[in-house]
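Beneath this line is the structure, given in structure tokens, with notes to follow.
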Amino acid sequence: MMQIVRAGRKRIEYLENMRIRTRLWLLMLLFGIAVAVNILALVWLARSVFSSLQVIERVRVRQVVAIEMHATLRNAEAALYRYQLEGEAGFAAQFDDQIASFGASVAKYQSLVSSPDELRWTNELKQTQQDAAALGKELIRLHDKQSSDLNALFITHAQLSDLLLDQLAPTRNLDVDLKPAVDGMNADAREMLLAVTAYVAAPDERTRGRYSEASISFQQHLAQARRVSNGDAELSGVTEIAAVFPGVQNLGAQLISDRDRQQALFARFFATIFQSAQRVIVGQIQPLEARKLAQAQQDLELAVGSAILVSLVVPISMTVIAAIIAARLARGMNQNILALLRGADRVAAGNLEQPVQIRTTDELKRLAEAFNNMMTDLATRERRLKARLAELETLRQVMLQITSTLDLNQVLDTIATSVLGLVEASSVQIFTRDDDAADLRLATTTGANGTIAPPRPDSLIAVVAATGQPHVLNAGIQEPLFQAGDTFNWHAPSTAAFPMKLGEQVLGVLRISSMARRTFTREDVRILNLLTDQAAVALGNARLYKSLSEREERVRMLMQKLAQIQDEERRLIGLDLHDGLTQLIISANMHLNTLDSMIAQSAEPSARRELGQSRTLLQHAIDEARRVIAELRPTAVEDWGLADGLRRFVLEVGAAEGWRCETAINLDGVELSAPAEHAIFRIAQEALSNARKHAATDWLRVRLQPDYGDLVLTVQDSGRGFDFAASAAEADHVGLISMRERARMLGGVCEITSQPGQGTSICVRVPLSALQRRTDEQ
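Residue numbers (numbering that gives the first Met the number 0): 0 to 777.
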């Protein structure tokens, strides 16, 4: 029984301690109801919006299809009209394409509609397509027939004119009676031709009357010619003219009739397209889609308004209820919260000694107890943190000093000076070893008087270097390692040595001695371990920087020497070709010339042709050898200087290759050394050689000018170009590698830009200051 009573009391105490939580759960329940109602409203709104958007999308698609149908009809009309005017076959094909596109749009529209009215409109549009296609084909056929009849009319008129000129014209000056008839027929025939062509271009009743009058007049003059004709020749000519004239008359009448029918068909075609475009598309389809769109917008607005109304009413109601509960809860929590806030203010002000006092028995009591425990823990941690921050700030300052330079000696001096002030040491020595040496040597010392001897094999320095572990000797004068040699005379109560390790490699040893303190604390050892680790990294970086600088300098000198050797070898090869192979080829050519003159009359024609081809090939070999020698031994720079020499070289190569060359070379006020001029000329020579071999261009531009402290050489062509990204991975681009290496040797860069079909641009940019510095070194 007592157990049940105790359990009941515990339950009552628990519920009393949970008063705030219960009210908070009630607030959360109200908030959940509001959220659920809002979610349901949003779901309904989303469904409504999705449905409206689907309707709007279908309306948009049908509107687009209607616009496409209207546009294709207009395009078909324009294509047919232009075909009637210009007669190009492309416009007829365009008309067929537009009619086909209109049919496809009609089929697409039919797949999107379902109402009887829309299906009826679709059938009307299909009928419009069929009628327009039929009328267009008939108009195209009439136009083609019209062109054919016009050609036939011109031919028949030409025959008639020839008959008038050839058969009857010789009698004009002799027969005064026949001459007026012949002249009248000739004028009437021209008038008939002009009337027909004018009527075809622009139908007019007056033009038709002109044609009829000219036809009647021609027949009258033909009858007059029959009456006054004398002799068989004149009668034969009149008979032939009478036979040809009906052809001219019939073709003219047919052309006028076809033109009338063409005009009627074109008017019917326009009426068909206008009726479909205006009555069906513009008058029926588009207004219907606009009404559907307006209805969808109204539905969407209704859904949005309803969702907003529900989303406002329910949250406001829940908010009012929650505000009543929160107000009653706030009244009970106000004093306790204020007490906690005052405690938080004291903590923020740094007062961690005065605890927070709470008189209630709810959750705030437990919160106050936790807050007081936190204040106690914060006071302890604050003391530790201040000590650690001071330590880290000191280490940060030391590391900033160590890493501020990559010079090896400055790094070592900075490490020694920083350690001297960090742990209040009397002296600091740093012993280092070279990469290929095992013995340690004194690299730097601070605070020590006199000469520091090299470490003995059994000394503290040697032990630390061998083991890679730090050694701390407090009261070091009593330590065995302190008894060796001169260390006994230092009178230092404590000393320590720390290895400077990079990975597993010991780069050196840092030794610290103190006259003022008898021991190094655990914190001192930890700080010095951190410092020596960072110092080892800085020492390794400084060594790597020094090694890299020396290696780059050796590579640069080797590249310069290699370039000089290559130029010298090219010069020697050029001399050998000039004095040896070229002379032999020239001598052989002279012998062939002599042989040609000796057998010019006696040899067979085939032998003389073979001999001529041999002379031509040998002359080509001589020209190619001279070009190769000129490239191997360029003398333009030595003879004319870089500016004039490069300009002459570009023009010579351009003239030989048939290029249009543009040069912009200006070195006024720029003084370059002979090696620099030679290297720049070689780069330009290599660029022109690549253009000659690979570019297939007819235009080339070379620019050499100073630009904001740099000397810029640009060689640009309009040739076939190449895929530079794909070619960069290939290993056989010796010319490109040579240009880049020469630019790099001068302290500059070589940028190559190219795309297939868009030419190639090679830009070399070398600082003038770097040129001067390189010149001084050479």
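Where is the CB? At the ideal position from N, CA and C, for every residue including glycine.
Check your understanding: What do you reckon, are the CB atoms on residue 186 and residue 223 nearer than 7 angstroms?
Key -> Counting from 1 along the sequence shown, the entry for residue 186 is found at position 187. Counting from 1 along the sequence shown, the entry for residue 223 is found at position 224. Contact flag unset, no.
Review point. Is the beta carbon of residue 72 less than 7 angstroms from the beta carbon of residue 268?
Key: The residue you call residue 72 lines up with position 73 of the sequence shown. The residue you call residue 268 lines up with position 269 of the sequence shown. No, the Cβ-Cβ distance between residue 72 and residue 268 is not below 7 angstroms.
Check your understanding: Looking at the unbroken alpha helix (DSSP H) that takes in residue 466, where does it start and where does it end?
Key -> Within the sequence shown, the letter at position 467 stands for residue 466. Unbroken alpha helix (DSSP H) run through residue 466: 459-466.
Practice item. For residue 753, name the three-state secondary structure that DSSP assigns. Key: Looking up residue 753 in the sequence shown gives position 754. Residue 753: strand per DSSP, three-state reduction.
Point to revise | Burial state of residue 689 (16 or more Cβ within 10 Å) | key: What you label residue 689 is simply residue 690 of the sequence shown in a count that begins at 1. Counting Cβ neighbours within 10 Å, residue 689 comes out buried, since at least 16 surround it.
Review point. What three-state label does DSSP hand residue 512 in the structure shown?
Key: Counting from 1 along the sequence shown, the entry for residue 512 is found at position 513. Looking at residue 512 - three-state DSSP - the assignment turns out to be strand.
Exercise for review: Please check the pair residue 754 and residue 720, which I expect to be a contact at CB under 8 angstroms, by giving their CB distance rounded to whole angstroms.
Suggested key: Looking up residue 754 in the sequence shown gives position 755. Looking up residue 720 in the sequence shown gives position 721. Indeed, because the Cβ distance is near 5 angstroms, the residues count as touching under 8 angstroms.
Point to revise | C-alpha distance - residue 183 paired with residue 242, whole-angstrom precision | key: Within the sequence shown, residue 183 is the residue found at index 184, counting from 1. Within the sequence shown, residue 242 is the residue found at index 243, counting from 1. Whole-angstrom Cα-Cα distance: 17 angstroms.
Exercise for review: Compare the beta carbon distance of residue 302 and residue 47 with 7 angstroms and say whether it is the shorter of the two.
Suggested key: Working through the sequence shown from its first residue, we reach residue 302 at position 303. Working through the sequence shown from its first residue, we reach residue 47 at position 48. For residue 302 and residue 47, yes; Cβs fall inside 7 angstroms.
Practice item. Decide if residue 722 is buried, meaning its Cβ has at least 16 other Cβ atoms within 10 Å, or exposed. Key: Walking along the sequence shown from the start, residue 722 turns up at place 723. So residue 722 ends up on the exposed side.
**Study point:** Exposure of residue 342, with buried meaning 16 or more beta-carbon neighbours within 10 Å
**Key:** On the sequence shown, residue 342 is found 343 positions in, with the first residue counted as 1. By the 10 Å Cβ count, residue 342 comes out buried.
Review point. Taking the alpha-carbon positions, what's the residue 682 to residue 528 distance?
Key: Reading the sequence shown from its first residue, position 683 is the one you call residue 682. Reading the sequence shown from its first residue, position 529 is the one you call residue 528. Going from the Cα of residue 682 to the Cα of residue 528 covers about 55 angstroms.
Exercise for review: State the start and end residues of the unbroken beta strand (DSSP E) segment that holds residue 782.
Suggested key: The chain is shown from 0 up to 777; residue 782 falls before or after that span and cannot be answered.
Point to revise | DSSP three-state assignment for residue 486, whether helix, strand or coil | key: Residue numbering aside, residue 486 sits at position 487 when the sequence shown is read from its first letter. With a pLDDT of only 45 at residue 486, under the threshold of 50, the placement of this residue in the model should not be trusted; the figure read from the coordinates follows. Note: residue 486 maps to helix in three-state DSSP.
Practice item. Identify which residue in 124, 497 and 83 has its Cα closest to the Cα of residue 144. Key: Your numbering for residue 144 matches position 145 in the sequence shown. When each option's Cα is compared against that of residue 144, the closest is 83.
**Study point:** Cβ-Cβ distance between residue 347 and residue 355 below 7 angstroms
**Key:** On the sequence shown, position 348 is the one that residue 347 refers to. On the sequence shown, position 356 is the one that residue 355 refers to. For residue 347 and residue 355, no; Cβs fall outside 7 angstroms.
Check your understanding: Where does residue 760 fall in DSSP's three states?
Key -> Here the question's residue 760 lines up with position 761 in the sequence shown. Residue state, collapsed to three classes: strand.
Check your understanding: How close, in whole Å, do the beta carbons of residue 767 and residue 710 come, if the pair is a contact with beta carbons under 8 angstroms?
Key -> For the purposes of this step, residue 767 is taken as the residue at position 768 of the sequence shown. For the purposes of this step, residue 710 is taken as the residue at position 711 of the sequence shown. 6 angstroms between Cβ atoms; contact.
Check your understanding: Which residues bound the alpha helix (DSSP H) around residue 211?
Key -> The sequence position of residue 211 within the sequence shown is 212, counting from 1. First-last of the alpha helix (DSSP H) with residue 211: 204-227.
**Study point:** DSSP beta-bridge partners of residue 125
**Key:** To locate residue 125, count along the sequence shown from 1; it is residue 126. Per DSSP, none; premise fails for residue 125.
Check your understanding: Rounded to a whole number of angstroms, what is the C-alpha to C-alpha distance between residue 265 and residue 137?
Key -> To locate residue 265, count along the sequence shown from 1; it is residue 266. To locate residue 137, count along the sequence shown from 1; it is residue 138. Approximately 10 angstroms between the Cα atoms of the pair.
Point to revise | Boundaries (first-last residue) of the alpha helix (DSSP H) holding residue 88 | key: Working through the sequence shown from its first residue, we reach residue 88 at position 89. Unbroken alpha helix (DSSP H) run through residue 88: 88-111.
Review point. Which residues in the same chain have their Cβ closer than 8 angstroms to the Cβ of residue 781, if we skip the five residues on either side of it in sequence?
Key: Because residue 781 is not part of the residues shown, which for the chain are 0 to 777, the question remains open.
Practice item. Under 7 angstroms Cβ to Cβ from residue 748, same chain only, skipping five residues before and after it: list those, please. Key: The count along the sequence shown starts at 1 and reaches residue 748 at position 749. Closer than 7 angstroms at Cβ, skipping near neighbours: 742 and 764.
Check your understanding: From this set, 247, 535 and 118, which residue's C-alpha is nearest residue 502's C-alpha?
Key -> Taking the sequence shown and counting its residues from 1, the one referred to as residue 502 is at position 503. The candidate whose alpha carbon is nearest that of residue 502 is 535.
Point to revise | Three-state secondary structure (DSSP) of residue 518 | key: Within the sequence shown, residue 518 is the residue found at index 519, counting from 1. Coil at residue 518, not helix or strand.
Exercise for review: Report yes if the CB atom of residue 695 is closer than 7 angstroms to the CB atom of residue 668, and no otherwise.
Suggested key: For this step, residue 695 is matched to residue 696 along the sequence shown. For this step, residue 668 is matched to residue 669 along the sequence shown. No.
**Study point:** Beta-carbon proximity list for residue 163, same chain, < 8 angstroms, skipping 5 on both sides
**Key:** Your numbering for residue 163 matches position 164 in the sequence shown. Counting only Cβ-Cβ distances below 8 angstroms, and skipping sequence neighbours, we find 181, 184, 185, 188 and 240.
Check your understanding: Under 7 angstroms, do residue 29 and residue 320 count as touching if we go by C-beta distance?
Key -> Here the question's residue 29 lines up with position 30 in the sequence shown. Here the question's residue 320 lines up with position 321 in the sequence shown. Yes; because the gap between Cβ atoms is below 7 angstroms, this pair is in contact.
**Study point:** Candidates 263, 122, 322 and 472: closest to residue 26 by CA position
**Key:** If you number the sequence shown from 1, residue 26 lands on position 27. Of the listed residues, the one whose Cα sits closest to residue 26 is 322.
Point to revise | Three-pair Cβ contact test at 8 angstroms for the stretch 58-72 versus the stretch 284-299 | key: yes
Review point. Looking only at its own chain, which residues have a Cβ that is under 6 angstroms from the Cβ of residue 759, when we skip the five neighbours before and after it?
Key: Taking the sequence shown and counting its residues from 1, the one referred to as residue 759 is at position 760. Answer for residue 759: 716, 720 and 753, listed in chain order.
Point to revise | Proximity winner among 313, 662, 423 and 500, relative to residue 37 (alpha-carbon distances) | key: As a first step, residue 37 is located in the sequence shown; it is residue number 38 there, counting from the start. Checked all of 313, 662, 423 and 500; the closest Cα to residue 37 is 313.
**Study point:** Span of the beta strand (DSSP E), counted from its first residue to its last, around residue 721
**Key:** Residue numbering aside, residue 721 sits at position 722 when the sequence shown is read from its first letter. No beta strand (DSSP E) holds residue 721; DSSP gives it neither H nor E.
Check your understanding: CB residue 123 to CB residue 247, shorter than 7 angstroms?
Key -> Translated into positions along the sequence shown, residue 123 becomes position 124. Translated into positions along the sequence shown, residue 247 becomes position 248. Not a contact, by the Cβ cut-off of 7 angstroms.
Check your understanding: Measuring CB to CB, does residue 656 end up less than 7 angstroms from residue 691?
Key -> Position 657 of the sequence shown, counted from the first residue, corresponds to residue 656. Position 692 of the sequence shown, counted from the first residue, corresponds to residue 691. Yes; because the gap between Cβ atoms is below 7 angstroms, this pair is in contact.
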